[in-house]
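A.B. asks: Residues in the sequence shown are numbered consecutively from 157, following our numbering. There's a structure below that I have some questions on.
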Amino acid sequence: MNVSVFGLGYVGSVSAASFAADGHTVVGVDVNADKVASLNEGRSPIVEKGLDALIRDNAASGRLRATTSTAEAVHATDLSLICVGTPSRKNGSLDLAYLERVAEQIGEALRDKDAYHVVCVRSTVLPGTTHDVVIPALERASGKKYGAGFGVTVNPEFLREGTAIHDFRNPPLTLVGHNYRSDAEPTQALYAKVEAPMITTSIRTAEMIKYASNTWHALKVTFANEVGNLCKRLKIDSHEVMDIFCRDEKLNLSAYYMKPGFAFGGSCLPKDVRAMQYRAKEVDLEMPVIQSILSSNQLQIQHAIDEIVDTGKKRVGLLGFSFKAGTDDLRESPIVILAEALLGKGYQLCIYDRNVSIARLVGANKDYINKQIPHLSSLLSESIDEVLDASDVIVVGNAAPEFEDALMRTRPDHIILDLVRVKKERPRIPADYRGICW
Ligand SMILES: NC(=O)c1ccc[n+]([C@@H]2O[C@H](COP(=O)([O-])OP(=O)(O)OC[C@H]3O[C@@H](n4cnc5c(N)ncnc54)[C@H](O)[C@@H]3O)[C@@H](O)[C@H]2O)c1
């Protein structure tokens, strides 16, 4: 590939040198003439392990050079990577001035370039930025139309400073967001020599994944530190705790529990989070992240209540009453909390849960159901279709397989609020389908 890299900072210089090392012909571009001169002299413009040697070798081979001229770089290449800074303003918003400016400069250069050119956003930008800022700036300055005169992709960078060259070579995955298959291909071709899963998705999803990833990394650090602080107070070695914790790759470090949906509940998670918060209080320790877990969970229940209230309808059917499919345990079930809130607001409820119905008659939870929640137990129905008939809003509260089929039997005037994404694919269901957070 012939590729230009705009912005020779941490991301740009590592990318430029690494793509050159993979056999691509790379032109680096920066407004800072010192950085350009440094690269042309075979020196790294930033401090990063191994980068000096990589730049020296590739500058010497002729595969890597730099310029301050946008036009020259755009005309000499087929693909331009944008790696300029997107710093924080004081209020936390992103300063997009560099991004918009570089998009305008690339657009101006495209004005008199006949060949199709792909612009790839590698800088970290919030979802919507490529569509709202980059594409309009390119169209404005080039006088061409996105998809006709030029293409756009998003390719977020996952490297860490200090190990950036190693990370470039060994990324967890390569992510290319695009709207047209033909735009993705040149960006994907850049990575032919990088062994990592290639994931393609939409531009907005790719933008969001970068933020979900970095926020998750920040949350991991903070969580480990809060656990560590509590361990220290309790005279337990936090590193031994977290080393063993991390060996659980089924529940702890895995995709498990990572599906957006309804609040957690059951007999363990709420109780144990509360107990840990209480222990921290006893030893005068603040754990702001862990302390906010239950209120965030409570808020998710409130979101579901708000969604139901917003429908304006008063007859609500609940499919699934226990906190997850396959159990009759109703202790701290968030659906029970939701049902009680709706009853308190005067809603008419009809509930179906096969396991809870059986438990009401024979199970170990019989006493709990009949004594603690008789007001809800009396609303249990024996058939899904009875619930469908008696309700205008259907809330799917757990992922029992029979509920997916039930969605197909809804009426066009039903509103479905799915809390668990029981609808996996997108079959045409008659009702107005809504997900709690999708
Ligand atoms: N630093 C990291 O480890 C890292 C990792 C992943 C993603 N990112 C993201 O990548 C982007 C770049 O980060 P960075 O740390 O490399 O930034 P940086 O500040 O180190 O480098 C940005 C470079 O862009 C240049 N520049 C500004 N306007 C320009 C223009 N119009 N034309 C050409 N060059 C121009 C600047 O002179 C500077 O050299 C940011 O969005 C950042 O959030 C950074």
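For glycine and all other residues, C-beta sits at the position ideal for the given N, C-alpha and C.
Nearest CA to the CA of residue 166: which residue from 205, 178, 159, 183?
C.D. replies: The option with the nearest alpha carbon to residue 166 is 205.
A.B. asks: Could you tell me the distance, in whole angstroms, from the CA atom of residue 319 to the CA atom of residue 468?
C.D. replies: Their Cα atoms are separated by approximately 55 angstroms.
A.B. asks: Pick helix, strand or coil for residue 275, following the three-state DSSP scheme.
C.D. replies: Residue 275 falls in the strand class under three-state DSSP.
A.B. asks: On the three-pair Cβ rule with 8 angstroms, is the region 553-564 touching the region 517-529?
C.D. replies: Not touching, per the Cβ criterion.
A.B. asks: Which class does residue 354 belong to by DSSP, given the choice of helix, strand or coil?
C.D. replies: The answer is strand: DSSP assigns residue 354 an E or B state.
A.B. asks: Alpha carbon to alpha carbon, what distance is there between residue 341 and residue 198?
C.D. replies: Going by the C-alpha atoms only, they are around 30 angstroms apart.
A.B. asks: For residue 194, is the classification buried or exposed, using 16 other Cβ atoms within 10 angstroms of its Cβ as the cut-off for buried?
C.D. replies: So residue 194 counts as buried.
A.B. asks: In angstroms, rounded to a whole number, what distance separates the CA positions of residue 472 and residue 497?
C.D. replies: Between residue 472 and residue 497, the C-alpha separation is close to 12 angstroms.
A.B. asks: How long is the line joining the alpha carbons of residue 447 and residue 485, rounded to whole angstroms?
C.D. replies: Cα-Cα distance, rounded: 25 angstroms.
A.B. asks: Tell me the DSSP bridge mates of residue 334?
C.D. replies: Paired residue(s): 309.
A.B. asks: Return the CA-CA distance between residue 479 and residue 259, expressed in angstroms with no decimal places.
C.D. replies: Cα-Cα distance, rounded: 49 angstroms.
A.B. asks: Please confirm whether residue 265 and residue 220 have their CB atoms less than 7 angstroms apart.
C.D. replies: Cβ distance not < 7 angstroms, so residue 265 and residue 220 don't count as in contact.
A.B. asks: Between 210, 314, 261, which has its C-alpha nearest residue 299's C-alpha?
C.D. replies: Closest option to residue 299, Cα to Cα, is 261.
A.B. asks: Output the boundary residues of the beta strand (DSSP E) element that contains residue 158.
C.D. replies: 158-162 is the extent of the beta strand (DSSP E) around residue 158.
A.B. asks: Is the region 323-341 close to the region 359-376, with three or more CB pairs under 8 angstroms?
C.D. replies: Because the criterion of three Cβ pairs below 8 angstroms is met, the region 323-341 and the region 359-376 touch.
A.B. asks: Less than 7 angstroms separating the beta-carbons of residue 229 and residue 223?
C.D. replies: Yes; because the gap between Cβ atoms is below 7 angstroms, this pair is in contact.
A.B. asks: What are the partner residues of residue 202, as DSSP defines its beta bridges?
C.D. replies: None; residue 202 has no bridge partner.
A.B. asks: How is the alpha helix (DSSP H) around residue 220 delimited, first residue to last?
C.D. replies: Premise fails: residue 220 lies in the beta strand (DSSP E), 220-223, not in any alpha helix (DSSP H).
A.B. asks: Go through the residues and name those whose CB comes closer than 6 angstroms to any heavy atom of ligand 1, in chain order.
C.D. replies: Taking each Cβ in turn, the ones that pass are 162, 163, 164, 165, 166, 167, 168, 185, 186, 187, 188, 191, 239, 240, 241, 242, 254, 257, 258, 261, 279, 280, 313, 315, 317.
A.B. asks: Buried or exposed, going by whether 16 or more other CB atoms sit within 10 Å of the CB of residue 402?
C.D. replies: Exposed is the call here.
A.B. asks: Between 241, 272, 214, which has its C-alpha nearest residue 234's C-alpha?
C.D. replies: Of the listed residues, the one whose Cα sits closest to residue 234 is 272.
A.B. asks: Sorted by chain position, which residues of the same chain lie with C-beta nearer than 6 angstroms to residue 163's C-beta, five sequence neighbours on each side aside?
C.D. replies: Around residue 163: 239, 240.
A.B. asks: Measuring straight from C-alpha to C-alpha, what distance separates residue 516 and residue 380?
C.D. replies: Roughly 42 angstroms separates the two Cα atoms.
A.B. asks: I'd like the list of long-range same chain contacts for residue 408, defined as Cβ closer than 7 angstroms, with 5 residues on each side in sequence excluded.
C.D. replies: Answer for residue 408: 401, 402, listed in chain order.
A.B. asks: Kindly indicate which three-state DSSP category residue 473 falls into: helix, strand or coil?
C.D. replies: Looking at residue 473 - three-state DSSP - the assignment turns out to be strand.
A.B. asks: Would you decide whether residue 490 is buried or exposed? Buried here means 16 or more other CB atoms lie within 10 Å of its CB.
C.D. replies: With 16 or more Cβ atoms within 10 Å of its Cβ, residue 490 is classed as buried.
A.B. asks: Along the chain, which unbroken stretches of the alpha helix (DSSP H) at least 4 residues long are found entirely within the region 210-250?
C.D. replies: Listed in chain order, the complete alpha helix (DSSP H) runs (minimum 4 residues) inside the region 210-250 are 226-232.
A.B. asks: For my contact list, residue 569 and residue 591 are in at a C-beta cut-off of 8 angstroms; report their separation, rounded to the angstrom.
C.D. replies: Not quite, the Cβ-Cβ distance comes to about 19 angstroms (not below 8 angstroms), so this is no contact.
A.B. asks: Taking Cβ to Cβ, would you say residue 495 is nearer than 7 angstroms to residue 544?
C.D. replies: Their beta carbons are not under 7 angstroms apart, which means residue 495 does not touch residue 544 by this criterion.
A.B. asks: Opposite residue 590 in the DSSP bridges: which residues?
C.D. replies: Bridge partners of residue 590: 573.
A.B. asks: Across which residues does DSSP place residue 387 in a beta bridge pair?
C.D. replies: Residue 387 is not bridged to any residue.
A.B. asks: Can you give me the start and stop residues for the beta strand (DSSP E) that residue 168 sits inside?
C.D. replies: Unbroken run through residue 168 is the alpha helix (DSSP H), 166-177; no beta strand (DSSP E).
A.B. asks: Give the straight-line distance between the Cα atoms of residue 302 and residue 324, rounded to the nearest whole angstrom.
C.D. replies: Taking the straight line joining both Cα atoms gives about 29 angstroms.
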